[in-house]
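To start, the structure itself, in structure tokens.
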Amino acid sequence: MRKIIVVTGASSGFGAMTARALADAGHAVYAGMRETDGRNAAAAKEFEEYADTARTVELDVSQQSSVDGAIARIVDEAGRLDVVVHNAGHMTLGPVESFTVGQLASVYDTNVLSTQRVNRAALPHLRAQRDGLLVWVGSSSSRGGTPPYLGPYFAAKAAMDALAVSYAAEVAPFGIDSCIVVPGSFTTGTNHYAHAGHPDDEATRDAYETATPGMMDTLLARQAALSPEDADPQEVARQIVRLVGLPKGS
Ligand code: NDP
Numbered sequence: 001m002r003k004i005i006v007v008t009g010a011s012s013g014f015g016a017m018t019a020r021a022l023a024d025a026g027h028a029v030y031a032g033m034r035e036t037d038g039r040n041a042a043a044a045k046e047f048e049e050y051a052d053t054a055r056t057v058e059l060d061v062s063q064q065s066s067v068d069g070a071i072a073r074i075v076d077e078a079g080r081l082d083v084v085v086h087n088a089g090h091m092t093l094g095p096v097e098s099f100t101v102g103q104l105a106s107v108y109d110t111n112v113l114s115t116q117r118v119n120r121a122a123l124p125h126l127r128a129q130r131d132g133l134l135v136w137v138g139s140s141s142s143r144g145g146t147p148p149y150l151g152p153y154f155a156a157k158a159a160m161d162a163l164a165v166s167y168a169a170e171v172a173p174f175g176i177d178s179c180i181v182v183p184g185s186f187t188t189g190t191n192h193y194a195h196a197g198h199p200d201d202e203a204t205r206d207a208y209e210t211a212t213p214g215m216m217d218t219l220l221a222r223q224a225a226l227s228p229e230d231a232d233p234q235e236v237a238r239q240i241v242r243l244v245g246l247p248k249g250s
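Going by my numbering, the sequence shown opens with residue 1, and the numbers climb by one from there.
Structural data, given as structure tokens:
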């Protein structure tokens, strides 16, 4: 059955792949992006070829007004909303003791509080339909085996894990499922520690390296060990397509 789906953080990585894969599977997809022009113009343009099955929507998960506007637009245009994919996220690097409370809060906001903003806007519609699915993009890091220097991110993903499980228990009576996928390490954006667009700028990394010699070598060795052949990020998108296609309550 064709579902109306919103994917957050669909300008790159898993989010873009998942939005495209869901559209290819015949669903009606809203690819959420902080902005659909400016630095995301090229990403947004890629969805133009989908015409009927996917379109972009401005959706900044850090702003409740942006989230509310996006969900209202989707329900207005499509008449309903069936699936929310909580994908937006970001990772920050550094020795865990070096983070200010504000930096920790920023990672927590993008990965965790953002999902609550979206849920509070979306769930009234799903509950009224007595049907729906929440998909959370967590991380295997929240289940142990965590390498160093990624502490705030791991803590946030562990919190997301707990929130997803709490939702699963509480929304089930309203006909809504909540499922978390927990990818391992893939060569998409969050794992590109040194690329130009990463939120951690060079000066910050240099400061960390001075404080903790060897930190960047450790991280970059881990990044280099990720092989696209061994870990195809499209598998995450395929897994989400399978989840969306499962019968309710599976
Ligand atoms: P990307 O950096 O490619 O994707 C992250 C996306 O989140 C971007 O589209 C980014 O948008 C978006 N985003 C960040 N902040 C906001 C915001 N305020 N509002 C809307 N969108 C926002 O990385 P990945 O594809 O690797 O990561 C996607 C998800 O997968 C994340 O939740 C990540 O934690 C998770 N994950 C990744 C793993 C990996 O190995 N790569 C492993 C396990 C989980 P913008 O372009 O505007 O910055």
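Even for Gly, the Cβ is constructed at its ideal location relative to N, Cα and C. For clarity, every value in this text was computed on a predicted model and none was experimentally measured.
Could you give the first and the last residue of the continuous beta strand (DSSP E) run that contains residue i?
i    : result
V6   : I4 to V7
G132 : G132 to V137
V181 : I176 to V181
I'd like to confirm something about residue i: is its beta-carbon nearer than 7 Å to some heavy atom of the ligand NDP, or not?
i    : result
N119 : no
R34  : yes
A88  : yes
A10  : yes
F186 : yes
D60  : yes
V137 : yes
G13  : yes
M215 : no
M1   : no
P183 : yes
T110 : yes
With which residues is residue i paired in a DSSP beta bridge?
i   : result
V29 : I5 and A54
V84 : V6 and L134
I71 : Its beta-bridge partners do not exist; DSSP assigns none.
Does the distance from the CB of residue i to the CB of residue j come in under 8 Å?
i   : j    : result
A88 : S106 : no
T36 : V85  : no
G38 : V6   : no
V57 : I74  : yes
For the alpha helix (DSSP H) containing residue i, list its first residue and its last residue.
i    : result
E170 : G151 to V171
V112 : V112 -> no alpha helix (DSSP H), and no H or E assigned at all.
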